[in-house]
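Counting with UniProt numbering, you get residues 1 to 114 for the letters of the sequence shown. From the three backbone atoms N, C-alpha and C, an ideal C-beta is built for every residue, glycine too.
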Amino acid sequence: MDKYEASLDTLFHALADPTRRAVVQRLVKGPAPVKELATPYDMALPSFMKHLNVLEQAGLIASEKQGRVRTCSFNPDKLETAEKWFDEQRALWASRFDNLDNLLTSLQGGNDET
Numbered sequence: 001m002d003k004y005e006a007s008l009d010t011l012f013h014a015l016a017d018p019t020r021r022a023v024v025q026r027l028v029k030g031p032a033p034v035k036e037l038a039t040p041y042d043m044a045l046p047s048f049m050k051h052l053n054v055l056e057q058a059g060l061i062a063s064e065k066q067g068r069v070r071t072c073s074f075n076p077d078k079l080e081t082a083e084k085w086f087d088e089q090r091a092l093w094a095s096r097f098d099n100l101d102n103l104l105t106s107l108q109g110g111n112d113e114t
């Protein structure tokens, strides 16, 4: 497995959980302290911190500690890897659909002659 695939696996794993996706959606609006991020979830802070750790290891968020407050922020650059992969998949499938459309058109044209 190359580095590109490993990076995608880590990224998609991080985004596979609804709690982590919600945290990312919140952080898109701007940085927030951990306590504020954890408030909507009915879980102990250590459990919530595990979610943040997964997001941080995937590179989707960064955290900074000032005094006793840890603030998290979103890293949009990390999504470029996924965006590139989606673009590649989109191009692949668009080509396949074009080929299928051409085949169906040629078969339909062949039926008109009989």
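{"Query": "Using three-state DSSP, classify residue 70 as helix, strand or coil.", "Result": "strand"}
{"Query": "Sorted by chain position, which residues of the same chain lie with C-beta nearer than 8 angstroms to residue 24's C-beta, five sequence neighbours on each side aside?", "Result": "15, 55, 60, 61 and 74"}
{"Query": "Taking one C-beta from the region 36-54 and one from the region 83-90 each time, how about it: are there three or more such pairs within less than 8 angstroms?", "Result": "no"}
{"Query": "Applying the 10 Å Cβ sphere with the 16-neighbour rule, what's the burial state of residue 78?", "Result": "buried"}
{"Query": "Would the region 97-110 count as touching the region 63-70 if we require 3 or more Cβ pairs under 8 angstroms?", "Result": "no"}
{"Query": "If we count the other Cβ atoms within 10 Å of its Cβ and call it buried at 16 or more, is residue 104 buried or exposed?", "Result": "exposed"}
{"Query": "Mapping DSSP to helix, strand and coil, what is residue 32?", "Result": "strand"}
{"Query": "So is residue 48 buried or exposed if we call it buried at 16+ other beta carbons inside 10 Å?", "Result": "buried"}
{"Query": "Are residue 52 and residue 63 closer than 8 angstroms when you measure CB to CB?", "Result": "yes"}
{"Query": "Between the C-alpha atoms of residue 11 and residue 106, what's the straight-line distance to the nearest angstrom?", "Result": "42 angstroms"}
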